[in-house]
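By this note's numbering, the letter at position 171 of the sequence shown is numbered 171, and the numbering carries on one by one without gaps.
A virtual CB, placed ideally from N, CA and C, is assigned to each residue, including glycine.
Model, not experiment: these values are computed from the prediction.
Data first, discussion second: the structure below is written as C-alpha cells.
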Amino acid sequence: MPTLTRRRSDNPHQETWHVYYGNVQVGRIGKRAGVPVDVDQWQWRCGFYPGCEPREHRYGTAADFFTALREFEAAWREIAMQTILIFITASFVLLTPQATLAQQACKCNIAGKIVCYPATTCGSAGGICNGVWPFPAGNYAQSCRSCVDSCAQLTCVCKKTDGHEQVTGINILSCPSQRLSNINGNLACGP
C-alpha cells in the first residue's frame, strides 16, 4: 500500500507542503498568510477530486506544523476508509473514460493488461464477480469488507483485534496457496 508523502511547493513566497498518497495529491498543509500572530498560523486541507465530493473534504487550522500534520493524518484515515475503491481504481481512470468506467469492472489479466467486463456486484471476500474474478479463500472473509482486487493486489478494510478497522493489502501472487487470513487488521498468506 502506498504511504502518505509530502513535497514542498515550488512557491518561494509561502511555506506549503503538498501531501500525496502514491502519486495522487490528497491535500496540503501550509502556513497561513495575513493572519494575526495570536491565531493558528497553519492550515490543512484533506481530500481530492474526483473521488471526494467537496462536502467530504476536511479542513482545519493549527498552531504549528506538527499539530496540523497530526490533524491531517486523522482526517486522512477517515477519508481513506470511505474512499478505498477510488484509490484502487485511480489508475484506471486515466485509461478508461469515467462514463464507461462506471459501467465496467476492470482487472489486469495474467499478462498485466487491463481487461474490462460489464459492471458487477463485486467486493465480498470469497465471492466471485460475474463468474470472472474469484476472490481468494480464507478466514479473512469474516472480518474484512470492501475488498477490491486490482491486478494481483487485494485491498480490504479489515478489523483489528481492538475492534478498529484499517485499510490493508497484499499481493495475491505472493500466496501460493491463494488462501488469506486477517492477522490483527493485516492480510497475510495462510489458512
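According to the neighbour-count rule (16 or more other Cβ atoms, all chains shown, within 10 Å of its Cβ), is GLN25 buried or exposed?
Exposed.
Could you tell me which residues DSSP pairs with HIS13 in its beta bridges?
Looking at the DSSP assignment, HIS13 forms no beta bridge with any residue, so it has no partner.
I think THR161 touches LEU187, with their Cβ atoms under 8 Å apart; what is that distance to the nearest whole Å?
Contact between THR161 and LEU187 does not hold, since their C-beta atoms are separated by about 15 Å, which reaches or exceeds 8 Å.
Extent of the continuous beta strand (DSSP E) run through GLU165:
Segment 165-171, the beta strand (DSSP E) holding GLU165.
Give the DSSP-derived three-state secondary structure of TRP76 in the structure shown.
The answer is helix: DSSP assigns TRP76 an H, G or I state.
Note down the Cα distance separating GLU71 from ILE29, rounded to an integer number of angstroms.
Each residue's CA atom was taken as its position, placing GLU71 and ILE29 some 10 Å apart.
Decide yes or no for the touch test of the stretch 40-47 against the stretch 57-73: beta carbon pairs closer than 8 Å, at least 3 of them.
Result yes; three or more Cβ-Cβ pairs closer than 8 Å.
Which stretch, first to last residue, makes up the beta strand (DSSP E) that contains GLY27?
Where GLY27 is concerned, the enclosing beta strand (DSSP E) starts and stops at 24-31.
Please name the residue, chosen from THR3, GLU15, HIS13 and ASP64, that lies closest to TRP76 on a Cα-to-Cα basis.
Shortest Cα-Cα distance from TRP76 to any of THR3, GLU15, HIS13 and ASP64 involves THR3.
Hey, quick one: how far does the beta strand (DSSP E) through ARG179 stretch, first residue to last?
That residue, ARG179, is in no beta strand (DSSP E); it is neither H nor E in DSSP.
Use the C-beta contact count for ASN23: other C-beta atoms within 10 angstroms, 16 or more gives buried, fewer gives exposed.
ASN23 should be labelled exposed.
Rounded separation between LEU11 and ARG179 - CA only:
Checking the displayed sequence, the identity of residue 11 turns out to be Asn instead of Leu. Whole-angstrom Cα-Cα distance: 49 Å.
When the Cα of THR5 is compared with those of GLY27, GLY60 and ASN182, which residue comes out closest?
It is GLY27.
Please report the straight-line C-alpha distance between PRO54 and LYS31, rounded to a whole angstrom.
Going from the Cα of PRO54 to the Cα of LYS31 covers about 22 Å.
Among residues of its own chain, excluding the 5 on either side of THR16, which ones have a beta-carbon nearer than 8 Å to its beta-carbon?
Excluding positions up to five away in sequence, the list reads ARG8, SER9, ARG28, ILE29, GLY30 and LYS31.
With the cut-off set at 9 Å, would you say ASN182 and CYS158 are in Cβ contact?
It is a contact, given that the beta carbons lie within the stated cut-off.
Using a Cβ-Cβ cutoff of less than 6 Å, which residues in the same chain neighbour GLU165 once the five nearest sequence positions on both sides are dropped?
Excluding its 5 nearest sequence neighbours in each direction, GLU165 has C-beta neighbours in its own chain below 6 Å: VAL157 and LYS159, listed in chain order.
Compare the Cα-Cα distances from THR61 to each of CYS144, ASP38 and SER143 and report the closest residue.
The residue with the shortest Cα to Cα distance from THR61 is ASP38.
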